[in-house]
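Here the structure comes first, spelled out in structure tokens, and everything after it is commentary.
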Amino acid sequence: MDVSRGERRSFLNYMLGTGALATLGAIFYPMFRFMIPPRVVESAASSVVAARVSEIRPNEGRIFKFGSRPGLLIQTAPGEYRAFNATCTHLDCTVQYLAEERLIWCACHNGRYDLTGKNISGPPPRPLEEFTVNVRGDEVVVSRG
Ligand code: FES
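Residues in the sequence shown are numbered from 3 upward in steps of one, following my numbering.
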């Protein structure tokens with residue numbers, strides 16, 4: 003079988019072209035993926051069991067997971083349940099319950115919220131998002147909206 007010089011040359015050009023294309027893809031594809039990060043899928047769950055009744059006492063707070071975000075469940079000193087998005091409205095630190103002061107506190111910049119979630123001192127610009135709390139049997143269920 004006799005392969006002409008022109009056919010060999012076009013075959014070589016084809017191989018070099020596809021190799022160069024693969025090399026460019028290997029270089030630019032990771033850069034492209036880095037610049038456009040994947041979407042973070044928020045949990046569609048609209049309610050979650052934040053705790054068992056036996057796990058939280060009056061004047062106590064606990065962090066729970068609500069989808070991909072932290073939530074803060076509080077049982078006030080008189081025994082009422084309250085729940086909030088635990089992400090501080092200043093720079094997204096996680097807030098916590100301060101039992102001795104009976105308020106919600108952000109350790110990052112000393113931000114403070116009252117037990118309705120209202121920002122009362124420090125840099126937080128807005129109140130915390132409040133969730134609905136229902137007790138069903140032994141479960142403390144927190145819901146959005
Ligand atoms: S992040 Fe909470 S006060 Fe700054």
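The beta carbon of each residue, even a glycine, is placed where N, CA and C say it ideally should be.
The continuous stretches of alpha helix (DSSP H) do not include Pro72, which lies in the beta strand (DSSP E) extending over residues Arg71 to Gln77. Residue burial annotation: Leu75 is buried, with at least 16 other C-beta atoms found within 10 angstroms of its C-beta.
For Pro129, the closest C-alpha among the options Asn136, Asp116, Val137 and Gly139 is that of Asp116.
By the C-beta density criterion, Ile106 is buried, having at least 16 other C-beta atoms within 10 angstroms.
In this model, Thr134 and Arg104 are separated by some 20 Å (Cα to Cα).
Bounds of the alpha helix (DSSP H) holding Arg7 are Arg7 to Met37. Residues of the same chain with a CB within less than 7 Å of the CB of Asn112, apart from the 5 flanking positions on each side, are Gly124 in chain order.
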